[in-house]
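Trainee: Let me begin by handing over the structure; questions about it come next.
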Amino acid sequence: MDLKSFHRRSIEDRGGFWAEQAGLIEWHKPFAAVLDYSRPPFARWFVGGETNLCHNAIDRHLLTQPDAPALHFVSTETGEERSYSFAELYREVVRMAAIMLAQGVGRGDRVLIYMPMIPEAAFAMLACARIGAIHSVVFGGFASRSLASRIDDARPSLIVSADAGSRNGRVIAYKPLLDEAISLCAHKPERVLMVDRGLAPFASVPGRDLGYAALREEHLDADIPVTWLESNEVSYTLYTSGTTGNPKGVQRDVGGYAVALAASMKHIFCGNPGETYFCTSDIGWVVGHSYIVYGPLIAGMATILYEGTPIRPDAGILWRLVERHRVSVMFSAPTAIRVLKKQDPAWLTKYDTSSLRALFLAGEPLDEPTARWISEGLGRPIVDNYWQTETGWPILTVAHGIEKTPTRFGSPGMAMYGYDVRLLHEQTGEEVAANQKGVVAIEPPLPPGCMQTIWGDDERFVKTYFETIPGRLVYSTFDWGIRDPDGYYFILGRTDDVINVAGHRLGTREIEESLSSHEALAECAVVGVADQLKGQVAVAFAVLKDPARAGTPEARQALEGELMAIVDRQLGAVARPARVHFVGMLPKTRSGKVLRRSIQAICERRDPGDLTTIEDASALDQVRDALAS
Ligand code: ATP
Ligand code: MG
């Protein structure tokens, strides 16, 4: 079938379409209705059906492939490597579930998981799913203040954590951060379950803190059946990345999510049982939830849990893992590829990556030069995909399981089945024509797998997402895009980031893409800065592959001129940045997204705002220094 007909059917015959997809997972009790949309914009999928994420991720494979690998743990930080078959993973998850139950954690209770990338983190997530507890994973890189606000929001009875994580060879002790966070919280968790990796000694709080290793021994032979859950019960809550400000607590269901992931593994990622999936994200992000833990396992694939960076011990590590585990599907982020771009390209061909059918990239705009660089360097297909924490799985991409539509560099692809994607005029709410810019919106109901609501705040859910475009109840992605006549979308930037130069509306992304076509650039960020004459002007910050290219004032000026000329030629003088500043790095969130709002604030001499999710605050000093010089 062709993708467009497949998509059309998913919208015109929602019931029939999703009933079919629902057959990809196992149900304990069949659903009575595919969709209940009696209270827009709240959608309830597979009403009355009973299933379980852990059952679909693990138990169901015990019959067909108990000894097939399910999880490979690789840490280039500590040198550890461990593999678990489905049968072994089952045992570990059941033990973890038994520990939780013994601590009184039950259906609907929250468990906050603050962990590095170790197998126990996945065990904890799957154990929650097994017993119907709601997990709330907080990215292990966050410090106490971010953690505290999430503890207060989730109000967990149990926190699962570890002594430490490690990043770039540096041990980061988690326990002191956790203790501090708990002291800052209004809500006090009853128990803290500690996994001790032996990386950082820690003090235990008697009566509150429990040791995982000892409790695991007590429950070695535990047998904990899955708790069958109604499809619309809550599986987890998870925060958005906080790129635009206050993170939102996304709440997700059970049945819809399981079906959506199973369908995406089939139609989009084309993964088969017995194969290996390698996603370089972190379990603290939605990509990690969907495509490190649940998606691959539901599809019967082995998943790689990787603690490490793309360039340690060397820039060949990702490809060495692909070779070693015969990875068929890989998922990473443009930001990781841009890191590799600053390294010797010979690493891309040093290992046998022929098992790799495709490398999927998401999280940030994938500029054409970066896409070409990695695609040509590896000689493997690259598939951009666009989505959000809120949606749980891709909104825009290509679905090679349906039709081999070609990918187009610069475009994440077409509307995926289930998503009734519209491009709307920000003020009038009317649909824009092909090749016109508009807000990327989704006509509700949102498909299975998408957020149910904001945790504990239905009103904020409706207000934040469905009431921003005048005159209609429609989901806004807060991204700005364009669609070509063939149905390929291009994301031009976030709606907050749109620049208005003398009445011309420009996406920061358009200008960034243009600048990136200069071979000297590794990456760049463009922001709109208030200007008395023009309203706003574009200002660019560029990171060079080789900083020596701007080593002298003359060289810098010449390069700035070249970059401006490129934008002039490609987009017109109106889009030309007023300045191109060279910096060593860009300020990014911990998930690798450029913090344009903070750069903009600094350019306008304002406070950079909420920086709790920033990766390296010294990047802001580089922006300040560049502006001062
Ligand atoms: P917050 O909502 O808290 O400000 P965030 O939007 O960065 O943070 P995420 O849900 O992690 O949180 O990121 C989703 C956003 O990332 C999208 O809305 C879009 O702006 C960007 N994005 C993701 N994938 C792509 C892609 N393939 N191309 C372009 N942009 C992308
Ligand atoms: Mg967002």
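Every letter in the sequence shown is one number past the one before it in the UniProt record's numbering, and letter 589, counting from 1, is 589. Just so you know, even glycine gets a beta-carbon here, dropped at the ideal spot from N, CA and C.
#1: Does ligand 1 have a heavy atom nearer than 7 angstroms to the CB of W387?
#2: D384 by DSSP, collapsed to three states: which one?
#3: Alpha carbon to alpha carbon, what distance is there between D616 and K175?
#4: Relative to the alpha-carbon of R579, which residue among N246, A542, A362 has its alpha-carbon at the smallest distance?
#5: Could you say which of A200, Y236, V250 lies nearest to T389 if we only look at CA atoms?
#6: Using CA atoms only, rank isn't needed, just tell me which of Q427, P445, P447 is closest to D438.
#7: Assign F478 to one of three DSSP states: helix, strand, or coil.
#8: I think A299 touches A262, with their Cβ atoms under 8 angstroms apart; what is that distance to the nearest whole Å?
#9: What does the alpha-carbon distance come out to for the pair V537 and W319?
#10: Helix or strand or just coil, what does DSSP make of V250?
#11: In whole angstroms, give me the CA-to-CA distance for V137 and P365.
#12: Would the beta-carbon of I268 fall within 8 angstroms of that of T477?
#13: For G271, which residues in the same chain have their Cβ closer than 7 angstroms to its Cβ, ignoring the five residues on either side in sequence?
#14: Could you give the distance in angstroms between the alpha-carbon of T78 and the alpha-carbon of L71?
#15: Hey, could you find the ends of the alpha helix (DSSP H) R460 is sitting in?
#16: Whose CA, out of P116, S598, T407, lies closest to the CA of L3?
#17: Measuring alpha carbon to alpha carbon, tell me which of T76, R14, G487, E562 ends up nearest P313.
#18: Going by CA-CA distance only, name the one from A124, Q622, D610 that's closest to G245.
#19: When the Cα atoms are used, what is the spatial distance from V421 to W393?
#20: G493 to G507, Cα distance in whole Å?
#21: By DSSP, does G536 sit in helix, in strand, or in coil?
#22: Is F478 a contact residue of ligand 2, with contact defined as CB to any heavy atom under 7 angstroms?
#23: Buried or exposed: where does R150 fall if 16 or more other Cβ atoms within 10 Å of its Cβ makes it buried?
#24: Can the beta-carbon of W387 be found closer than 8 angstroms to that of A415?
#25: Mind checking which residues open and close the beta strand (DSSP E) that includes E81?
Mentor: Reading off the structure:
#1: Your numbering for residue 387 matches position 387 in the sequence shown. Taking 7 angstroms as the cut-off, the C-beta of W387 counts as close to a heavy atom of ligand 1.
#2: By 1-based counting over the sequence shown, the position of residue 384 is 384. It is a strand residue.
#3: Counting from 1 along the sequence shown, the entry for residue 175 is found at position 175. Counting from 1 along the sequence shown, the entry for residue 616 is found at position 616. Across the structure, K175 and D616 are spaced so that their CA atoms are roughly 21 angstroms apart.
#4: For the purposes of this step, residue 579 is taken as residue 579 along the sequence shown, with counting starting at 1. That would be A542, whose Cα lies nearest to the Cα of R579.
#5: Mapped onto the sequence shown, residue 389 falls at position 389. Comparing Cα positions, the closest option is V250.
#6: For the purposes of this step, residue 438 is identified with residue 438 of the sequence shown, where counting begins at 1. Here the sequence assigns Gly to residue 438, which means Asp is not the residue at that position. Residue Q427 is the option with its Cα nearest to G438.
#7: Numbered from 1 along the sequence shown, position 478 holds the residue referred to as residue 478. In the structure shown, F478 sits in a strand (DSSP, three-state: E or B).
#8: Mapped onto the sequence shown, residue 299 falls at position 299. Mapped onto the sequence shown, residue 262 falls at position 262. Approximately 7 angstroms separates the beta-carbon atoms of A299 and A262; this is inside 8 angstroms, confirming the contact.
#9: By 1-based counting over the sequence shown, the position of residue 537 is 537. By 1-based counting over the sequence shown, the position of residue 319 is 319. Roughly 41 angstroms between the two C-alpha positions.
#10: Locating residue 250 in the sequence shown gives position 250, where the first residue counts as 1. DSSP places V250 within a strand segment (E or B) once states are collapsed to three.
#11: In the sequence shown, residue 137 corresponds to position 137, counting from 1. In the sequence shown, residue 365 corresponds to position 365, counting from 1. Linking V137 to P365 through their CA atoms gives a straight-line distance of about 25 angstroms.
#12: The residue given as residue 268 occupies position 268 in the sequence shown. The residue given as residue 477 occupies position 477 in the sequence shown. Not closer than 8 angstroms, so no.
#13: Counting from 1 along the sequence shown, the entry for residue 271 is found at position 271. Here the set comprises M265, Y277, P296, A299, M301, S328, V329.
#14: Residue 78 sits at position 78 when you count from the first residue of the sequence shown. Residue 71 sits at position 71 when you count from the first residue of the sequence shown. If I take the Cα positions, the gap works out to 18 angstroms.
#15: Within the sequence shown, the letter at position 460 stands for residue 460. Counted as a single uninterrupted DSSP element, the alpha helix (DSSP H) harbouring R460 occupies residues 458-461.
#16: As a working note, residue 3 is residue 3 in the sequence shown. Nearest option by C-alpha distance: T407.
#17: Within the sequence shown, the letter at position 313 stands for residue 313. Residue T76 is the option with its Cα nearest to P313.
#18: Along the sequence shown, read from residue 1 onward, the residue named residue 245 stands at position 245. In terms of CA proximity to G245, D610 leads the group A124, Q622, D610.
#19: For this step, residue 421 is matched to residue 421 along the sequence shown. For this step, residue 393 is matched to residue 393 along the sequence shown. Straight-line spacing of the CA atoms in V421 and W393 works out to 14 angstroms.
#20: One-based indexing of the sequence shown puts residue 493 at position 493. One-based indexing of the sequence shown puts residue 507 at position 507. Taking the straight line from one Cα to the other gives about 5 angstroms.
#21: In the sequence shown, residue 536 corresponds to position 536, counting from 1. The sequence given here places Gln at residue 536; Gly does not occur at that position. Q536: strand per DSSP, three-state reduction.
#22: Here residue 478 corresponds to residue number 478 of the sequence shown, with the count starting at 1. Yes - ligand 2 has a heavy atom lying nearer than 7 angstroms to the Cβ of F478.
#23: Along the sequence shown, one-based indexing puts residue 150 at 150. The residue is buried, with at least 16 neighbouring Cβ atoms inside 10 Å.
#24: What you label residue 387 is simply residue 387 of the sequence shown in a count that begins at 1. What you label residue 415 is simply residue 415 of the sequence shown in a count that begins at 1. No, they are not a contact pair.
#25: Within the sequence shown, residue 81 is the residue found at index 81, counting from 1. Secondary structure note for E81: its beta strand (DSSP E) is the uninterrupted segment 81-85.
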